[in-house]
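Heads up: the structure comes next, in structure tokens.
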Amino acid sequence: TPRAGGQCPACGGPTLELESQRELLLDLAKRSILDKLHLTQRPTLNRPVSRAALRTALQHLHGVPQGALLEDNREQECEIISFAETGLSTINQTRLDFHFSSDRTAGDREVQQASLMFFVQLPSNTTWTLKVRVLVLGPHNTNLTLATQYLLEVDASGWHQLPLGPEAQAACSQGHLTLELVLEGQVAQSSVILGGAAHRPFVAARVRVGGKHQIHRR
Amino acid sequence: GIDCQGGSRMCCRQEFFVDFREIGWHDWIIQPEGYAMNFCIGQCPLHIAGMPGIAASFHTAVLNLLKANTAAGTTGGGSCCVPTARRPLSLLYYDRDSNIVKTDIPDMVVEACGCS
Chain A
345 TPRAGGQCPA
355 CGGPTLELES
365 QRELLLDLAK
375 RSILDKLHLT
385 QRPTLNRPVS
395 RAALRTALQH
405 LHGVPQGALL
415 EDNREQECEI
425 ISFAETGLST
435 INQTRLDFHF
445 SSDRTAGDRE
455 VQQASLMFFV
465 QLPSNTTWTL
475 KVRVLVLGPH
485 NTNLTLATQY
495 LLEVDASGWH
505 QLPLGPEAQA
515 ACSQGHLTLE
525 LVLEGQVAQS
535 SVILGGAAHR
545 PFVAARVRVG
555 GKHQIHRR
Chain B
11 GIDCQGGSRM
21 CCRQEFFVDF
31 REIGWHDWII
41 QPEGYAMNFC
51 IGQCPLHIAG
61 MPGIAASFHT
71 AVLNLLKANT
81 AAGTTGGGSC
91 CVPTARRPLS
101 LLYYDRDSNI
111 VKTDIPDMVV
121 EACGCS
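Here it is in structure tokens:
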């Protein structure tokens, strides 16, 4: 609602009523945040995360160093923590599914670094061998096939970190990652991979958004 | 940059804070609690717009001095009060898949204003 007879001192246009100006600014603030996050609307949370899981995950999330921001606005870096959904598990084998944001346009983001964090509960003074298998969708998007695997020697209870390679990073970039954690050689009494609220496995990834299709001005 | 105070009419930075709770966004934005957007407002008469420190850049200062020393109407165009320094907004939020995302959005917070 333009104010009668008033002129905006910054640009010479008509001034707005204070309340209209406030609404306009709030709308502008909302729109610029959503635009910069490549969102069309505010996310609606379908799968709430427990406070315990959030606290644990944040303790493992490293901040971007000051001054490390990219100059080009088209490129933006972010860090994503994706919590696992557990499926098709037995005592010796745990399957973890990670859904990366479907808000962003596929192909417009690139996972540059990813690490799996998981909590292991072991009997004391024992060493266990754990195989982590990275499963990806086949060429026809039907069956999961083995892309690569890692062998880990785990000798203590607590949080463990496994840096994930290019196959897993590519799967994250496409929006979905499936991992299978398999105990090798031993039979456990109960699952050694904990998945409760405070011990929920997660993948922490560093992502570059909008950097793939840059046009360079010459 | 100059912060707006009382009845100041010259180019200055007006503070404007968007409280995420007030707009109902506190459920998906974990931190911070709000966005210090700020904006620029005020007049930029040519004799002020050419002053170092108030001009948005050295180029602007020279151009506005030229304008101020030339007969009105021959060079055309006024001067506007615009942001001259901005800083990023760091956000920690939940996306649609309940993942936690930490990102820095560049150029979101107006730190200082000057004349274009």
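Keeping their order, the protein sequence lines are chains A and B. Each number in the numbering used here corresponds to the 1-based position in the first sequence with 344 added. Each number in the numbering used here corresponds to the 1-based position in the second sequence with 10 added. In this text, a Cβ means the ideal position worked out from N, Cα and C, and glycines have one as well.
Residues of the segment 90–110 of chain B with a CB closer than 7 Å to any CB of chain A: list them in chain order, please. C90, C91, P98, Y104, D105, R106, D107, S108, N109 and I110
Chain A contact for B:M47 (CB, 8 Å cutoff): yes
For A:E363, name the three-state secondary structure that DSSP assigns. Three-state DSSP puts A:E363 in a helix.
With a cut-off of 8 Å on the beta carbons, I'd call A:V547 and A:L488 a contact; round off their distance for me. With a Cβ gap of about 17 Å, A:V547 and A:L488 do not count as contacting.
Does the segment 100–116 of chain B come close enough to the segment 369–388 of chain A that 3 or more CB-CB pairs lie under 8 Å? yes
Can you pull the chain E neighbours of B:V28, defined as C-beta to C-beta under 7 Å? Of the chains in the structure shown, none is chain E; the protein chains are A and B.
Closest Cβ-Cβ distance between B:T113 and chain A: below 8 Å? yes
Beta carbon of A:V478 nearer than 8 Å to that of A:F427: no
A:L495 classed as buried or exposed, judged by whether at least 16 other C-beta atoms fall within 10 angstroms: exposed
Could you check the C-alpha separation between A:L611 and B:Q24 for me, to the nearest Å? Any question about residue 611 of chain A goes unanswered here, given that chain A covers just 345 to 562.
Can you list the alpha helix (DSSP H) stretches of 4 or more residues lying completely in the segment 20–64 of chain B, in chain order? 56–59
Just curious, the alpha helix (DSSP H) that A:A458 is in, first and last residue? Taken as a continuous stretch (DSSP letters only), A:A458 belongs to no alpha helix (DSSP H), being part of the beta strand (DSSP E) at R453 to V464.
Cross-strand partners of A:D441 (DSSP beta bridge): A:E429 and A:T522
Run through chain B and tell me which residues come within less than 7 Å of A:P545, C-beta to C-beta. Under the 7 Å cutoff, chain B gives no residues; its nearest Cβ is about 13 Å from A:P545.
Beta-carbon contacts of A:D441 that lie in its chain and below 7 Å, excluding the five residues immediately before and after: A428, E429, G431 and T522
Measure the beta-carbon distance from A:V464 to A:S517 and round it to whole angstroms, keeping in mind my assumption that it falls under 8 Å. Not quite, the Cβ-Cβ distance comes to about 28 Å (not below 8 Å), so this is no contact.
Please tell me whether B:P93 and B:V120 are closer than 8 Å, where the distance is taken between their beta carbons. For B:P93 and B:V120, yes; Cβs fall inside 8 Å.
When you compare only the Cα positions, how much space is there between A:S468 and A:N436? 18 Å
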